[in-house]
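K.L.:
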Amino acid sequence: MSIIGAFSLTALGILPSLVWLSVFIKKDIHPEPRYLVTRTFLMGIIVAPIAVGLQWIFVGLGESFPSLSDVFSFQSPHFFLWAAFVEEIVKFLAVKFVVLNNPEFDEPIDAMIYMITASLGFAAIENILILFRSVPEGLEGALQLWMLRSVGATLLHALAGALTGYFLAISWFYREHQKKLIAIGIILASIFHFVFNIFLFSYQNDLWGIVLSLLLLVIFAGLIQTLFHKIRNRMLASTVSTSIVNIEY
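Numbering-wise (the working numbering), the sequence shown opens with residue 31 and increments by one.
As structure tokens, then:
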């Protein structure tokens with residue numbers, strides 16, 4: 031593959047994430063600094079290989095220990111659950127490392143924005159890798175897969191990240207329950223991620239799988255929109271310090 035071809039595939043893989051980011055970032059009436067958004071997006075890209083590495087380690091454990099094969103196997107339905115859990119954890123860690131102790135993290139709604147940003151960075155590297163893997167099998171099929179992922183998997187990551195971000199935002203108001211709320215957010219995001227993948231892979235090459243998965247995304251997008259409104263209303267109803275909040279995460 032030529033350098034121009036590789037660059038084009040990379041740009042194509044990143045494009046859906048940038049489009050969705052431009053949509054979600056407008057939810058914040060006080061826009062975040064571009065440098066911090068960029069850094070968070072890049073950290074989402076960086077942690078993606080960590081998630082893949084952990085998933086391969088667990089699969090290796092399943093192959094080495096037959097008693098674990100029912101859980102840690104690509105063929106097992108359990109794979110979709112724990113793999114989603116791993117991905118949602120590393121996306122949260124991306125935000126933790128970059129944002130949580132930064133003075134610019136000064137509003138609860140920022141938690142949702144930055145979790146979405148990291149999640150879209152994560153989705154971008156997934157899209158790039160899948161494009162590079164699928165193009166040799168046929169350009170038309172690769173472009174069809176890219177279009178499906180642009181609407182499906184990329185948005186999935188953003189919405190799952192937003193759910194974790196909502197609970198991170200709520201923890202702003204309930205500091206004594208911060209860790210518990212964040213854990214709940216990650217677990218619920220993982221379950222949503224799991225259900226989406228189960229719908230999609232249970233009906234592989236079947237229109238129903240795509241329809242059910244997209245329907246789930248539409249419903250969940252409506253929920254996330256509601257959560258954005260709830261956080262905005264909570265911010266208006268509460269006196270929240272605009273200075274950095276030192277939180278132990």
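The beta carbon of each residue, even a glycine, is placed where N, CA and C say it ideally should be.
A124 and A148 - do their beta-carbons sit closer together than 8 Å?
P.N.:
Walking along the sequence shown from the start, residue 148 turns up at place 118. Walking along the sequence shown from the start, residue 124 turns up at place 94. In this structure, A148 sits near A124, with a CB-CB distance shorter than 8 Å.
K.L.:
Grab the span of the alpha helix (DSSP H) containing K210 for me, first residue to last.
P.N.:
Within the sequence shown, numbered from 1, the residue matching residue 210 stands at position 180. Taken as a continuous stretch (DSSP letters only), the alpha helix (DSSP H) holding K210 covers 208–232.
K.L.:
Alpha carbon to alpha carbon, how far is A81 from S268?
P.N.:
On the sequence shown, residue 81 is found 51 positions in, with the first residue counted as 1. On the sequence shown, residue 268 is found 238 positions in, with the first residue counted as 1. Their Cα atoms are separated by approximately 37 Å.
K.L.:
Return the first residue and the last residue of the alpha helix (DSSP H) that S164 is part of.
P.N.:
Here residue 164 refers to the residue found at position 134 when the sequence shown is read from its first residue. Where S164 is concerned, the enclosing alpha helix (DSSP H) stretches over 138–164.
K.L.:
With R64 as the anchor, note down where its alpha helix (DSSP H) starts and where it stops.
P.N.:
Locating residue 64 in the sequence shown gives position 34, where the first residue counts as 1. Element bounds for R64: 64–94.
K.L.:
In chain order, what residues of the same chain lie with their CB nearer than 7 Å to the CB of L161, ignoring the 5 residues before and after it?
P.N.:
On the sequence shown, residue 161 is found 131 positions in, with the first residue counted as 1. Closer than 7 Å at Cβ, skipping near neighbours: L39, L42, G43, A172, W176.
K.L.:
Once you ignore the five residues that flank V306 on each side, which residues in its own chain have a CB closer than 6 Å to its CB?
P.N.:
What is shown of the chain runs 31 to 279, which leaves residue 306 out entirely.
K.L.:
Does the beta-carbon distance from S243 to L230 come in below 8 Å?
P.N.:
As a working note, residue 243 is residue 213 in the sequence shown. As a working note, residue 230 is residue 200 in the sequence shown. S243 is a Cβ neighbour of L230, given a cutoff of 8 Å.
K.L.:
Please classify V129: does DSSP put it in a helix, a strand, or coil?
P.N.:
Position 99 of the sequence shown, counted from the start, is the residue given in the question as residue 129. Note: V129 maps to coil in three-state DSSP.
K.L.:
What does the Cβ neighbour count give for E167, buried or exposed, with the cut at 16 atoms within 10 Å?
P.N.:
To locate residue 167, count along the sequence shown from 1; it is residue 137. Exposed is the call here.
K.L.:
In chain order, what residues of the same chain have a beta carbon less than 8 Å from the beta carbon of G83, not counting five sequence neighbours either side?
P.N.:
To locate residue 83, count along the sequence shown from 1; it is residue 53. The same chain holds no residue with a CB closer than 8 Å to that of G83 once the five nearest residues on each side in sequence are set aside.
K.L.:
For a quick check, are the C-beta atoms of W50 and T184 less than 8 Å apart?
P.N.:
Here residue 50 refers to the residue found at position 20 of the sequence shown. Here residue 184 refers to the residue found at position 154 of the sequence shown. Yes, Cβ-Cβ distance for W50 and T184 is below 8 Å.
K.L.:
For A154, which residues from the same chain have a beta carbon less than 7 Å from its beta carbon, with the 5 sequence-adjacent residues on both sides left out?
P.N.:
As a working mapping, residue 154 is identified with position 124 in the sequence shown. Residues G43, I44, S47, I75 of the same chain have their beta carbon placed closer than 7 Å to that of A154, with the five preceding and five following residues left out of the count.
K.L.:
I'd like the list of long-range same chain contacts for F226, defined as Cβ closer than 6 Å, with 5 residues on each side in sequence excluded.
P.N.:
Position 196 of the sequence shown holds residue 226. Same-chain partners within the cutoff: L186, S243, L246.
K.L.:
Could you tell me the alpha carbon to alpha carbon distance between I216 and E206, rounded to whole angstroms?
P.N.:
Numbered from 1 along the sequence shown, position 186 holds the residue referred to as residue 216. Numbered from 1 along the sequence shown, position 176 holds the residue referred to as residue 206. I216 and E206 have their C-alpha atoms roughly 18 Å apart.
K.L.:
Within the chosen definition, does the stretch 132–144 reach the stretch 54–65 through at least 3 CB pairs nearer than 8 Å?
P.N.:
With a cut-off of 8 Å, the stretch 54–65 and the stretch 132–144 count as touching, because enough Cβ pairs lie within range.
K.L.:
Can you round the beta-carbon distance between I228 and F152 to whole angstroms, since I take them to be within the 8 Å contact cut?
P.N.:
For the purposes of this step, residue 228 is taken as residue 198 along the sequence shown, with counting starting at 1. For the purposes of this step, residue 152 is taken as residue 122 along the sequence shown, with counting starting at 1. Not quite, the Cβ-Cβ distance comes to about 20 Å (not below 8 Å), so this is no contact.
K.L.:
Buried or exposed for D140, going by 16 or more other Cβ atoms inside 10 Å?
P.N.:
Working through the sequence shown from its first residue, we reach residue 140 at position 110. Result: buried.
K.L.:
Check the C-beta distance from L189 over to A251 and give it rounded, since I have them as a contact under 8 Å.
P.N.:
On the sequence shown, position 159 is the one that residue 189 refers to. On the sequence shown, position 221 is the one that residue 251 refers to. Right, the Cβ-Cβ distance comes to about 6 Å (below 8 Å), so this counts as a contact.
K.L.:
Any heavy atom of the ligand NAD inside 7 Å of the beta-carbon of T184?
P.N.:
For the structure depicted, the ligand NAD is absent and the ligand set is empty, with no information on it obtainable.
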